[in-house]
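Some notes on the structure that comes next.
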Amino acid sequence: MRYFQGLWIVFALSCLLQGLCVVSCSWPVNFVELCLGLLQGVRVITLCEHTSYFPDLSSGNTLFSRCEIRYSSTIIQCGPEGKAESECIVDGGDMPLEVLSGVQGVEVRGVTFRNTHSEQATVRIHSD
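Under numbering that gives the first Met the number 0, read the sequence shown as residues 0 to 127, first letter to last.
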């Protein structure tokens, strides 16, 4: 497991140095990896088609139950074209995505949010 984490850190650093990080749908395989990618600055994340992502509510740790979007111009899309018909589902959680203050130009394309605990929102956006 440590080997995998080390590789992920090397990938993230090289990705950040290039200024734009694009990840294919072979990753992220779960909600935790989606959150880690966003924390480390991956700018374009293509979720795998016909896949459900489940926030981890068991630990009580918001790090894995809510993904923070910290970088402007971040795109999370379902499949290569970002279409809802591709069925990328974030299933459960309180507010699975949180856009932090000062972040602009975030796009979520074709992702379905289902069974969220909050009736008010599935995405929290902080403004300045």
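Positions of the beta carbon are idealized from the N, C-alpha and C atoms, including for glycine.
- According to DSSP, residues forming a beta bridge with residue 111: To locate residue 111, count along the sequence shown from 1; it is residue 112. Residue pairing by DSSP places residue 111 opposite 88 in a beta bridge.
- Query: Roughly how many angstroms lie between the CA atoms of residue 77 and residue 43, to the nearest whole one?
  - Reply: Residue 77 sits at position 78 when you count from the first residue of the sequence shown. Residue 43 sits at position 44 when you count from the first residue of the sequence shown. Roughly 11 Å between the two C-alpha positions.
- Message: Would residue 99 and residue 67 qualify as a contact pair, given that the criterion is a beta-carbon distance under 9 Å?
- Response: What you label residue 99 is simply residue 100 of the sequence shown in a count that begins at 1. What you label residue 67 is simply residue 68 of the sequence shown in a count that begins at 1. Residue 67 is positioned such that its CB atom lies closer than 9 Å to that of residue 99.
- Item | residue 49 beta carbon near the ligand ZN (any heavy atom closer than 8 Å) | In terms of ligand content, the structure shown is empty, and the ligand ZN therefore cannot be addressed.
- Thinking C-beta only, is residue 51 closer than 9 Å to residue 92? Numbered from its first residue, the sequence shown carries residue 92 at position 93. Numbered from its first residue, the sequence shown carries residue 51 at position 52. Here residue 92 is not near residue 51, since their CB atoms are 9 Å or more apart.
- Item | Minimum C-alpha distance to residue 115 - residue among 109, 101, 94 | Mapped onto the sequence shown, residue 115 falls at position 116. Shortest Cα-Cα distance from residue 115 to any of 109, 101, 94 involves 94.
- Task: Tell me whether residue 28 is buried or exposed, calling it buried when 16 or more other Cβ atoms sit within 10 Å of its Cβ.
- Result: Position 29 of the sequence shown, counted from the first residue, corresponds to residue 28. Around the CB of residue 28, fewer than 16 other CB atoms lie within 10 Å, so the residue is classed as exposed.
- Query: In terms of residue numbering, what span does the alpha helix (DSSP H) encompassing residue 80 cover?
  - Reply: Here residue 80 is taken as the residue at index 81 of the sequence shown, counted from 1. Neither: residue 80 is in no alpha helix (DSSP H) and is coded neither H nor E.
- Unbroken alpha helix (DSSP H) run spanning residue 98, endpoints: Within the sequence shown, the letter at position 99 stands for residue 98. Counted as a single uninterrupted DSSP element, the stretch harbouring residue 98 is not any alpha helix (DSSP H) but the beta strand (DSSP E) occupying residues 96-98.
- CB-CB length for residue 81 against residue 104, believed under 8 Å: Taking the sequence shown and counting its residues from 1, the one referred to as residue 81 is at position 82. Taking the sequence shown and counting its residues from 1, the one referred to as residue 104 is at position 105. Not a contact, Cβ separation roughly 15 Å.
- CA-CA distance, residue 79 and residue 57? Counted from its first residue, the sequence shown places residue 79 at position 80. Counted from its first residue, the sequence shown places residue 57 at position 58. The alpha-carbon atoms of residue 79 and residue 57 are separated by roughly 31 Å.
- Query: Looking at residue 70 and residue 31, is the spacing between their C-beta atoms short of 9 Å?
  - Reply: As a position in the sequence shown, residue 31 is number 32, starting the count at 1. As a position in the sequence shown, residue 70 is number 71, starting the count at 1. When the beta-carbon positions are compared, residue 31 and residue 70 stay at least 9 Å from each other.
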